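In the working numbering, the protein residues as written are 22 to 183.
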């Protein structure tokens with residue numbers, strides 16, 4: 022990892038640790054991340070999905086939106102680099118047995134997850150991962166046959182085969 026990538030990753034962690042309270046207030050006003058996650062599920066479909074991974078889950082807003090779409094029959098794993106964001110996520114949604122929040126680096130998904138997933142989501146997070154190609158490569162290796170990866174950006178949603 023280059024020095025720039027290390028500094029970038031640390032800046033992302035510090036920024037989200039610092040702004041965790043503001044993040045939720047922003048979302049309460051705009052519902053941006055909830056809507057992005059919901060729209061990604063609509064594009065992906067929800068048949069045969071039992072294990073979901075939310076990469077860059079922040080304070081759990083996107084994870085909760087995925088839970089609302091897929092329901093109690095699924096197990097949800099959510100990973101984020103910010104301890105403060107995960108603390109908020111656990112306070113709000115950690116009481117559910119089928120939602121597991123993990124502190125970790127999205128570039129190294131296989132260090133945290135051994136089992137396969139049916140759906141992996143990057144809701145407005147991929148551009149915050151310095152080596153996003155490595156993260157995506159690991160995400161694709163963690164998919165069950167027929168599983169899908171969904172990615173959103175602030176500028177919109179795209180349906181890309183591959």
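Beta carbons: idealized from backbone N, C-alpha and C, even for Gly.
Computed from a predicted structure; not experimentally measured.
Remark: C-beta atoms of residue 151 and residue 31 do not approach each other more closely than 8 Å. C-alpha of residue 62 to C-alpha of residue 165: approximately 17 Å in a straight line.
Close CB contacts of residue 132 within its chain, under the 8 Å cut and outside five residues either way in sequence, are with 125, 126 (chain order).
Contact check for residue 44 against residue 84 fails: the beta carbons are separated by 8 Å or more.
Contact between residue 130 and residue 107 is ruled out by a C-beta separation of about 16 Å, above the 8 Å threshold.
With respect to the 8 Å criterion, residue 110 and residue 122 are classified as neighbours on the basis of their beta carbons. Residue environment for residue 105: buried (at least 16 other C-beta atoms within 10 angstroms of its C-beta).
By the CB criterion at 8 Å, residue 101 and residue 142 fall outside the cutoff. If you look at residue 57, you'll find it in the alpha helix (DSSP H) that goes 53-65. Secondary-structure assignment with DSSP links residue 122 through a beta bridge to 99.
For residue 153, no pairing in a beta bridge is given by DSSP.
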